[in-house]
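Only one structure is covered here, and it is reproduced in the block below.
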Amino acid sequence: MNRICELFGIQHPIIQGGMVWCSGWKLAAAVSNAGALGLLGAGSMHPETLIEHIEKMKKATSKPWGINVPLMYPEIDRLMDIIIEHDVKIVFTSAGSPKKYTARLQQAGIKVAHVVASSLFAKKCEEAGVDAVVAEGFEAGGHNGREETTTMTLIPAVRKATSLPLIAAGGIGSGQAMMAAMALGAEGVQVGTLFALAQESSASEAFKQKCIGIGEGDTMLCLKKISPTRLVKNDMYERIHEAENKGADAAALKEIIGNAAAKRGIFEGDTDNGLIEIGQVAAMVDRVMTAEEIICSMINEYDKTRIRLCEKK
Numbered sequence: 004m005n006r007i008c009e010l011f012g013i014q015h016p017i018i019q020g021g022m023v024w025c026s027g028w029k030l031a032a033a034v035s036n037a038g039a040l041g042l043l044g045a046g047s048m049h050p051e052t053l054i055e056h057i058e059k060m061k062k063a064t065s066k067p068w069g070i071n072v073p074l075m076y077p078e079i080d081r082l083m084d085i086i087i088e089h090d091v092k093i094v095f096t097s098a099g100s101p102k103k104y105t106a107r108l109q110q111a112g113i114k115v116a117h118v119v120a121s122s123l124f125a126k127k128c129e130e131a132g133v134d135a136v137v138a139e140g141f142e143a144g145g146h147n148g149r150e151e152t153t154t155m156t157l158i159p160a161v162r163k164a165t166s167l168p169l170i171a172a173g174g175i176g177s178g179q180a181m182m183a184a185m186a187l188g189a190e191g192v193q194v195g196t197l198f199a200l201a202q203e204s205s206a207s208e209a210f211k212q213k214c215i216g217i218g219e220g221d222t223m224l225c226l227k228k229i230s231p232t233r234l235v236k237n238d239m240y241e242r243i244h245e246a247e248n249k250g251a252d253a254a255a256l257k258e259i260i261g262n263a264a265a266k267r268g269i270f271e272g273d274t275d276n277g278l279i280e281i282g283q284v285a286a287m288v289d290r291v292m293t294a295e296e297i298i299c300s301m302i303n304e305y306d307k308t309r310i311r312l313c314e315k316k
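So, in structure tokens, the structure goes:
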């Protein structure tokens, strides 16, 4: 058993990304019941909605699970109160400094992991006392690091910078990719895109089919003047791209996007006028699978890859 499995009490060192509009209790419970770590995506939930999903999670699984919390959440203090009051055991934080809440969460008996996009912030995580760090390369979907460092470059850099248990994220969509991440120093992987397109994902069917149909080069990182975000090329992306080429500032870009653009694209299925956030690895996905099928496929491929590499020695 490696340090990630031991830390979270899971069978497989696979963590499901806590993705907005995708990661409800059905997906998180399915992942946890299959021996990995399911996460509720609190970033797209009102506090009352999160409470509902927490209660349903407790009924749906007896296995370990957690919550992903973007620290820029508008009602962050209330959210942390809810997490502690409802005896959540694992929290993954992102999009902010881990210093403010890590100690408080740990005092409540909660394991804390934090998502970073650079070795510099991995060091800050260690200083803040987090239990594990997620190093996410820019292949990942949705909000991304400004450094644009790839996963293959980021993982060894973070491994060198910190002794914390290390989880690789960004472009992890197979057992072979999982093996590569482990070879570079990771002890677990966080998978977003595959689970966003899983049967149990709360994303719309239109979103899933749109993403399954894309090819190489059909996602791009944009919106750097607001928050770097990887998007599928659709009508909305083209409007953003054209505006960025003309030098549009953050205010102009926000006007183009409008309100609840990610909800429109992911949850409501407006694949033309919404933001379609997904990782580069979506180009390798050709069908909707259950969470259990995804996990079993990754573990089987990981084991076969390990055997094949050992036989070549």
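Residue numbers (my numbering): 4 to 316. Beta carbons are placed, not taken as given, at the ideal position from N, Cα and C, and that holds for glycine.
The beta carbon of Arg-267 sits closer than 7 Å to those of Asp-273, Asn-276, Gly-277, all from its chain and outside the five residues before and after it, given in chain order.
Shown here, Met-239 sits in a helix according to DSSP, grouped into three states. The segment 220-240 and the segment 49-63 do not touch, with fewer than 3 CB-CB distances between them shorter than 8 Å. Gly-44 is the residue among Ile-7, Ser-35, Lys-29, Gly-44 whose C-alpha sits nearest the C-alpha of Gly-20.
Beyond the five residues adjoining it in sequence on each side, Lys-257 comes within less than 7 Å, by CB distance, of Ile-229 in the same chain, given in chain order.
With a contact defined as Cβ atoms closer than 8 Å, Gly-174 and Glu-142 qualify at about 3 Å. Taking the Cα of Ser-204 as reference, the smallest distance to any Cα among Leu-30, Ile-18, Ile-17, Asn-5 is reached at Leu-30. The secondary-structure analysis by DSSP pairs Thr-232 across a beta bridge with His-146, Cys-225. In this structure, the CA atom of Val-72 is about 6 Å from the CA atom of Phe-95. Excluding sequence positions up to five before and after Ile-269, its CB lies within less than 6 Å of the CB of Trp-24, Ala-206, Phe-210, all in the same chain and listed in chain order. Here Leu-169 carries a strand assignment [DSSP, helix/strand/coil].
Under the three-pair Cβ rule at 8 Å, the segment 184-191 counts as touching the segment 149-166. Note: Leu-43 is bridge-paired with Ile-70 in the DSSP secondary-structure output. Under DSSP, His-244 takes part in no beta bridge, so it has no partner. Contact check between the segment 291-301 and the segment 230-238: fewer than three CB pairs, one atom from each, fall below 8 Å, which does not count as touching. With 16 or more other CB atoms across the displayed protein chains lying within 10 angstroms of its CB, Ala-120 is buried.
DSSP places Glu-219 in the coil class of the three-state scheme, outside both helix and strand.
Taking each of Leu-197, Leu-53, Lys-249 in turn and checking the Cα distance to Ala-285, the smallest one comes out for Leu-197. Rounded to whole angstroms, the separation of the alpha carbons of Ser-97 and Gly-195 is 14 Å.
Two segments are said to touch when three or more pairs of C-beta atoms, one from each, lie closer than 8 Å; by this definition the segment 104-119 touches the segment 78-93.
Taking the C-beta atoms as reference points, Glu-139 is found nearer than 7 Å to Ala-172. Setting aside the 5 residues that flank it on each side, Ile-298 is surrounded in the same chain by His-15, Ile-17, Val-34, Ala-37, Gly-38, Ala-39, each with a C-beta closer than 8 Å to its C-beta; the list follows chain order.
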